[in-house]
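Asker: Quick mapping for you: the protein sequence lines, in order, are chains X and C.
According to the numbering used here, the first sequence is numbered sequentially starting from 7.
According to the numbering used here, the second sequence is numbered sequentially starting from 21.
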Amino acid sequence: MKTIEEINAKIKKKKVVVVTAEEMIEIARSKGTKKAAQHVDVVTTGTFGPMCGSGMFINVGHSKPRIKIGGGKCYLNDVPVYCGLAAVDIYIGATASPDNDPRNTVYPGAFKYGGGHVIEDFISGKPIRLEATAYGTDCYPKKRIETFINKETVNEAYIYNPRNGYQNYNVAVNLSKRVIHTYMGVLKPNLGSANYCSAGQLSPLLNDPKYRTIGIGTRLFLAGGVGYVAWNGTQHNPSALRGPDGIPRAGAGTLAVVGDAKQMSGDFIKGASFIGYGATIFVGLGIPIPILDEEMAYFTSRSDEDFWAQVVDYGQDYPERIPKSLCEVNYAQLKSGKIDVKGKEVPTFPISSYSKAKEIASILKEWISSGRFLLTNPVEHLPGVESGIKMNTLEERTIEEVAY
Amino acid sequence: MKKRMILRFKRNTIDKPVVYGLVKNYNLVVNILRANISPKAESMMVVEIEGRESDFERGMDYLRGLNIGTEPIEQDINRDEQKCVHCGICTSVCAPEALYIPDRNTMRVEFDYQRCVACELCVKVCPVKAMSVSFD
Ligand code: SF4
Ligand code: SF4
């Protein structure tokens, strides 16, 4: 048994043993999990994938005379931002598209530039055109402003992503007869391809399946800077299907994360356009996992063949919210390039970057071994299986159905 | 000079030993990048041809004389290595596997320009616009 305090003392003395989740697999294979738990202090994880539940708060500073953007309208590089906040606070979401974007009117739409791209440009230090209109008040008389901002001119700019780091995800296939364009990429008809989106053995929450060490307040790598877990993510679903050792076999936990955008790097957060689907953003996330005991050594040393995911039809079942799994496959099979679905060999394609995930896990390892990055005890644990939390759905209800 | 061409064969021309002809009679180096040969429908072949300009022109005349269509591939597909995040999405649309993942441990996406037939599907699908078309 080890404590976070003991591990941090070792980090400060630069005597900590930190390895990536990939390296941990090998260590546990050769030494066994018991010895691995004694030897290794920290395992680093990483993931880099499209995460629509992302965005950034900015306080743009006050103009002279003052303008109340709050309650008005505001655009960054023609992308609309959320203004229902205080006078000069705005929130830009990753999936926002310019008002005049043709979207899917010419199918499949290209979604060339959206909120995710604005965030990437801002983080990369580029100038961003701000346009806002307001109704004018006695204290905020200005009604219109057009100007440029960048990360030096604004006050705070912080990423607040309400849902990142999905603990496992569906494998998407298409049983219909036409090509479909989804957030899981382009899917060929008649079970012609299978797309998956998880870092598997490197994925943060798959390495701590029971949320023993990752909780509210956990310090982490977010897009090249330091960030924190703010809360559980939206649609956090601890009650999802799990295997006998507690590892989720379907999309389960999620994280809300926060971090200073000014520290981040455009190499680890990238605006993305999903053809026929929309604008979004690739986010790089890495979380250190303290090896407190043998159970944590066991979880962090699970490899791709131990992590299973459900194959789901996006031709009909997913859009119609029919909860059906065609079969289960593991990440070793997915990474091999083909899986077997109902006796058919189906080629597989990733949509999240394993090579970037690896890079993130290595950077985090370096931060910790060089003494720059200390581990945290969760301030509060994320809701686990015992919470009984299940996903609610949006039904078309009458007022009587929801009135007490 | 080096040029990439699409050769289109009508049903009755697939039996001609054209590559041999180009090599033997016109001194051209012919590298077959992709071939889609079908005895029933029109067949096509993407080739890279290297040789002297005049030999190349005569070689093309020879093919046209055999009723084989010749079109230069004018587009060039490039990958911006700075932009590519190695997500792998493009590999799902690249039929000739010019974009592919050779190493299943690193999962890095490689681009083999030689295999590319300039279909441009990756240009549309790449979420970070790392793939682009340029014209000669
Ligand atoms: S889709 Fe684009 S970013 Fe992804 S691997 Fe292909 S070229 Fe690179
Ligand atoms: S244009 Fe792109 S998708 Fe088409 S063959 Fe070339 S690399 Fe592959």
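We put the beta carbon where it would ideally sit given N, CA and C, even for glycine.
Nothing here was measured: the structure is a model prediction, and the numbers come from that model.
On the premise that methionine 25 of chain C lies in contact with valine 67 of chain C, defined as a C-beta separation below 8 Å, what is that separation, rounded to the nearest angstrom?
Answerer: Sure, about 6 Å apart at Cβ, within 8 Å.
Asker: Asparagine 196 of chain X: which of X:Ile186, X:Ala205, X:Cys203 and X:Ser60 sits nearest, CA to CA?
Answerer: Nearest of X:Ile186, X:Ala205, X:Cys203 and X:Ser60 to asparagine 196 of chain X, Cα basis: X:Ile186.
Asker: On the CB-based measure, 16 or more other CB atoms within 10 Å of its CB, does aspartate 310 of chain X come out buried or exposed?
Answerer: Under this definition aspartate 310 of chain X is a buried residue.
Asker: Going along chain C, which residues have a C-beta under 7 Å from serine 307 of chain X?
Answerer: What serine 307 of chain X touches in chain C: nothing, since even the nearest Cβ is about 17 Å away.
Asker: May I ask you to list, following chain order, the residues of the stretch 84-95 of chain C that have a beta carbon less than 9 Å from some beta carbon of chain X?
Answerer: Those would be none; no residue qualifies.
Asker: Could you please give the first and the last residue of the uninterrupted beta strand (DSSP E) stretch that includes asparagine 167 of chain X?
Answerer: Taken as a continuous stretch (DSSP letters only), the beta strand (DSSP E) holding asparagine 167 of chain X covers 163-170.
Asker: Pop quiz: lysine 364 of chain X and glycine 52 of chain X are said to be a contact at Cβ under 8 Å. What is the actual Cβ separation, rounded to whole angstroms?
Answerer: Contact flag correct, Cβ pair sits at about 7 Å.
Asker: Looking at tyrosine 133 of chain C: is its Cβ nearer than 9 Å to the Cβ of isoleucine 97 of chain C?
Answerer: It is a contact, given that the beta carbons lie within the stated cut-off.
Asker: Is methionine 64 of chain C helix, strand or coil when you go by DSSP?
Answerer: In this structure, methionine 64 of chain C counts as strand in the three-state DSSP scheme.
Asker: Using the Cα positions of alanine 163 of chain X and tyrosine 120 of chain C, report the straight-line distance between them to the nearest angstrom.
Answerer: Going from the Cα of alanine 163 of chain X to the Cα of tyrosine 120 of chain C covers about 38 Å.
Asker: Since glutamine 316 of chain X is in the beta strand (DSSP E), which residue starts that stretch and which ends it?
Answerer: From DSSP, the beta strand (DSSP E) with glutamine 316 of chain X extends over 314-319.
Asker: In the DSSP output, which residue or residues are listed as bridge partners for histidine 439 of chain X?
Answerer: Residue 439 of chain X lies beyond the range of chain X shown here (7 to 410); nothing can be said about it.
Asker: Hey, is glutamate 140 of chain C close to ligand 2, as in C-beta under 8 Å from one of its heavy atoms?
Answerer: Within the cutoff, so yes.
Asker: Please report how far the alpha carbon of isoleucine 297 of chain X lies from the alpha carbon of alanine 43 of chain X, in whole angstroms.
Answerer: Isoleucine 297 of chain X and alanine 43 of chain X: Cα-Cα distance of roughly 6 Å.
Asker: With a threshold of 9 Å between beta-carbons, can valine 137 of chain C be considered close to chain X, or not?
Answerer: No, valine 137 of chain C lies away from the interface with chain X (no Cβ there is under 9 Å from its Cβ).
Asker: For lysine 362 of chain X, collect the residues of the same chain with a Cβ closer than 7 Å to its Cβ; drop the 5 residues on either side in sequence, then sort them by chain order.
Answerer: The answer, listed in chain order, is Phe54 and Gly290.
Asker: Helix, strand or coil for glutamine 322 of chain X, going by three-state DSSP, please let me know.
Answerer: DSSP places glutamine 322 of chain X in coil when its eight states are reduced to three.
Asker: Does ligand 2 have a heavy atom nearer than 8 Å to the CB of proline 114 of chain X?
Answerer: No, the Cβ of proline 114 of chain X stays beyond 8 Å of every heavy atom of ligand 2.
Asker: Quick one: does the C-beta of cysteine 104 of chain C sit closer than 8 Å to a heavy atom of ligand 2?
Answerer: Flag unset: Cβ of cysteine 104 of chain C not near ligand 2.
Asker: So, does the CB of isoleucine 121 of chain C fall closer than 9 Å to a CB anywhere in chain X?
Answerer: So, interface residue.
Asker: In chain B, which residues lie less than 7 Å from serine 358 of chain X when you measure between Cβ atoms?
Answerer: Going by chain labels, chain B is absent from the structure shown, which instead holds the protein chains X and C.
Asker: Can you list the residues of chain X that valine 113 of chain C reaches, using a CB-CB cut of under 8 Å?
Answerer: By Cβ distance, chain X contributes Val192.
Asker: Between the Cα of serine 279 of chain X and those of X:Glu29, X:Ile151 and X:Phe117, spot the shortest distance and give me the residue it belongs to.
Answerer: Selected option, being the one with the closest Cα: X:Phe117.
Asker: Beta carbon of tyrosine 175 of chain X, beta carbon of glycine 282 of chain X: below 9 Å?
Answerer: Contact flag unset, no.
Asker: Quick one: Cα of valine 12 of chain C to Cα of arginine 72 of chain C, how far?
Answerer: Given a span of 21 to 156 for chain C in the structure shown, any question on residue 12 of chain C remains unanswerable.
Asker: Suppose you measure from the CA of arginine 135 of chain C to the CA of alanine 118 of chain C; what does that come to, to the nearest Å?
Answerer: Approximately 5 Å between the Cα atoms of the pair.
Asker: Let me check you understand the geometry: is the CB of valine 137 of chain C closer than 8 Å to at least one non-hydrogen atom of ligand 2?
Answerer: Because some heavy atom of ligand 2 lies under 8 Å away, the Cβ of valine 137 of chain C counts as near it: yes.
Asker: Going by DSSP in three states, valine 408 of chain X sits in which element: helix, strand or coil?
Answerer: It is helical.
Asker: Under 9 Å, do serine 331 of chain X and arginine 169 of chain X count as touching if we go by C-beta distance?
Answerer: Contact: no.
Asker: Straight-line CA distance for glutamate 351 of chain X to leucine 340 of chain X?
Answerer: If I take the Cα positions, the gap works out to 12 Å.
Asker: Would you tell me roughly how many angstroms separate the C-alpha atoms of aspartate 214 of chain X and isoleucine 374 of chain X, rounded to the nearest one?
Answerer: Spanning the two alpha carbons is a distance of roughly 18 Å.
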